Amino acid sequence: MRLAADEITIKVGSETVRLRPTLRAAMRLEARHGGMTGLFRAIADGSLTVIADVISECSDRPTMVPVILGNPSFGGLHGTLDGITEPLIRLVGLFAGIDMDNPPGHEPAPADAPPVSFADYIEALFGIGTGWLGWTPEQTWNATPAEILAARKGRIAMLTELFGTGERPDDHDPRNLPDPGSVKAGIGRLKMLQASLAGAR
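If you're matching positions, the sequence shown starts at 106 in the working numbering and goes up one per residue.
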């Protein structure tokens, strides 16, 4: 995916909030809200609690938006939700390194590969950041999945250039990154949610 698409911007009232799908945010939100599928569903259903939590975890700076959304007296709430629901659903896709406007181009995992949970996928990305790339845990948690995957691709290219152009060792094969079933299912669900949101306008 394009790294330039790795940031989502939403507007609530007069405030513009920039959201980054960091690995830390993915880990925390996945644990609290039932994985990627749970996040998709809650955001599409307009859960103010989950929407506020996503914004709080992903905002690049302190913001009052989660507090505003949690205030029942907030005026114009429904119009605001219409404007931020779809961007937030796209943000959840970015947690898996998936830009819905530019689907992943890597080869799919083998058909007999066991399904991998979204939590395991996050753990695999953390291992790439702290192991393959030599980043500190803090640097890895603050990176987005797309940044980790792009850095991994560059690392593979460097190793191939340094050590020859023959067959890559299995450990360096990008297809060995777990491709969780929950992410695959989430792609189709996200497309349906995007279509339904567009039709509701």
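Backbone N, C-alpha and C fix where the C-beta goes; we use that ideal spot for every residue, glycine too. A quick note: this is a predicted structure, and the numbers were derived from the prediction, not measured.
Give me, in chain order, the residues of the same chain whose beta-carbon lies closer than 8 angstroms to that of residue i; leave out the 5 immediate sequence neighbours on both sides.
| i | result |
| --- | --- |
| T121 | T114 and I115 |
| M169 | E120 |
| D278 | Residue confidence is low: D278 scores 45 on pLDDT, short of 50, so the model does not pin down where it sits. No coordinate-derived value is stated. |
| G151 | L186 and T190 |
| H138 | L144, A147, V155 and D158 |
Rounding to the nearest angstrom, what Cα-Cα distance links residue i and residue j in this structure?
| i | j | result |
| --- | --- | --- |
| G239 | Y226 | 19 angstroms |
| L134 | I261 | 30 angstroms |
| A157 | T142 | 17 angstroms |
| S164 | R257 | 25 angstroms |
| F200 | A131 | 6 angstroms |
| P250 | L267 | 26 angstroms |
| L124 | R166 | 9 angstroms |
| I148 | T265 | 42 angstroms |
| G234 | L254 | 9 angstroms |
| I263 | R195 | In the sequence as presented, Ile is not what sits at residue 263; that position holds Met. For M263 and R195, the distance between alpha carbons rounds to 32 angstroms. |
From the DSSP secondary-structure annotation, give me the bridge partner or partners of residue i.
| i | result |
| --- | --- |
| T121 | K116 |
| S161 | The partner list for S161 (beta bridge, DSSP) is empty, contrary to what the question assumes. |
Return the chain-ordered list of same chain residues with a C-beta closer than 6 angstroms to the C-beta of residue i, the five sequence neighbours on each side being excluded.
| i | result |
| --- | --- |
| G271 | Confidence in G271 is poor, its pLDDT being 46 and thus under 50, which makes the residue's placement unreliable; the coordinate value appears in the next sentence. Correct list: empty, nothing qualifies. |
| P171 | A157, I160 and S161 |
| F231 | T245 |
| G188 | none |
Of the choices the options, whose alpha-carbon is the least far from that of residue i?
| i | options | result |
| --- | --- | --- |
| F145 | T127, T154, A248 and G198 | G198 |
| P242 | L128, D111 and R123 | L128 |
| E112 | I148, P192, T235 and G118 | P192 |
| A136 | E228, N247 and G118 | E228 |
Give me, in chain order, the residues of the same chain whose beta-carbon lies closer than 7 angstroms to that of residue i; leave out the 5 immediate sequence neighbours on both sides.
| i | result |
| --- | --- |
| L174 | L153, I156 and A157 |
| W237 | R257 and R260 |
| P247 | Sequence check: residue 247 is Asn here, not Pro. Cβ within range, chain order: T127 and R129. |
Write down every uninterrupted run of the alpha helix (DSSP H) in the segment 130–156 whose length is 4 residues or greater and which is fully enclosed by it, in chain order.
You should have 140–149.
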